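Asks: Let me begin by handing over the structure; questions about it come next.
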Amino acid sequence: MRTRKARSRAAHRFSYEGLDRVIHERARLGVLASLLAHPKGLSFADLLQLCDLTDGNLSRHLQVLQSARLVTLARDAGPGRPQTTIRITASGRRRFLEYLAVLERVLLDAAAALEGTPAAPPPPVSARG
Numbered sequence: 150m151r152t153r154k155a156r157s158r159a160a161h162r163f164s165y166e167g168l169d170r171v172i173h174e175r176a177r178l179g180v181l182a183s184l185l186a187h188p189k190g191l192s193f194a195d196l197l198q199l200c201d202l203t204d205g206n207l208s209r210h211l212q213v214l215q216s217a218r219l220v221t222l223a224r225d226a227g228p229g230r231p232q233t234t235i236r237i238t239a240s241g242r243r244r245f246l247e248y249l250a251v252l253e254r255v256l257l258d259a260a261a262a263l264e265g266t267p268a269a270p271p272p273p274v275s276a277r278g
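Residue numbers (our numbering): 150 to 278.
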């Protein structure tokens, strides 16, 4: 017999609650993907180029990510022009990977729908976090 919790999960199969609104925005998704690919961090200028954003737009998205504790910013005031290095935090990496797992579920469900096959059951609770 299925538990009440299992029935509830099945009833809300396509709610995708794990699609974190902070991460889901296109520019922030690009920033986090770039930082995940560069664990030592990236300069502000490198992120500008990789994500095709303006200075102000990137600054605002970094404020949101920093407030959510997904990234850290370190300002180097050494000789010459100051440089800001942005790194993904350990919790940011974990949250981003959790987000990707949910996004993968969305893609698999959509592919199954296009093929006319029933959606796979949701993963067990223990696999979600």
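C-beta: ideal position from N, C-alpha, C; glycine also. Small disclaimer: the values here were computed from a predicted structure and weren't measured.
Less than 7 Å between C-beta atoms, sequence neighbours within five positions excluded: which residues of the same chain meet that for L185?
Replies: Here residue 185 refers to the residue found at position 36 of the sequence shown. I237, R242 and F245.
Asks: Per the contact definition of three or more C-beta pairs closer than 8 Å, is the stretch 205-223 in contact with the stretch 246-263?
Replies: Fewer than three Cβ pairs drawn from the stretch 246-263 and the stretch 205-223 lie within less than 8 Å of each other, which leaves the two stretches out of contact.
Asks: Which residue or residues does DSSP assign as beta-bridge partners of D225?
Replies: Residue 225 sits at position 76 when you count from the first residue of the sequence shown. Answer is Q232, bridged to D225.
Asks: Would you tell me roughly how many angstroms separate the C-alpha atoms of N206 and T221, rounded to the nearest one?
Replies: Start at 1 with the first residue of the sequence shown, and residue 206 comes out as number 57. Start at 1 with the first residue of the sequence shown, and residue 221 comes out as number 72. Their Cα atoms are separated by approximately 17 Å.
Asks: With DSSP as the reference, identify every bridge partner of I237, one or two as the case may be.
Replies: Reading the sequence shown from its first residue, position 88 is the one you call residue 237. Note: I237 is bridge-paired with V220 in the DSSP secondary-structure output.
Asks: Alpha carbon to alpha carbon, how far is Y165 from L219?
Replies: Numbered from its first residue, the sequence shown carries residue 165 at position 16. Numbered from its first residue, the sequence shown carries residue 219 at position 70. Cα-Cα distance, rounded: 20 Å.
Asks: What's the call for R177, buried or exposed, on a 16-neighbour Cβ count within 10 Å?
Replies: By one-based count along the sequence shown, residue 177 stands at place 28. It is buried - the Cβ of R177 has at least 16 other Cβ atoms within 10 Å.
Asks: Would you list the residues sitting across from S192 in a DSSP beta bridge?
Replies: As a working note, residue 192 is residue 43 in the sequence shown. Paired residues: T234.
Asks: Looking at L252 and L168, is the spacing between their C-beta atoms short of 8 Å?
Replies: Along the sequence shown, read from residue 1 onward, the residue named residue 168 stands at position 19. Along the sequence shown, read from residue 1 onward, the residue named residue 252 stands at position 103. Yes, the pair counts as a contact, with Cβ atoms nearer than the cut-off.
Asks: Given a cut-off of 8 Å on the beta-carbon distance, is the pair L202 and I235 in contact?
Replies: Position 53 of the sequence shown, counted from the start, is the residue given in the question as residue 202. Position 86 of the sequence shown, counted from the start, is the residue given in the question as residue 235. The answer is no: Cβ separation not under 8 Å.
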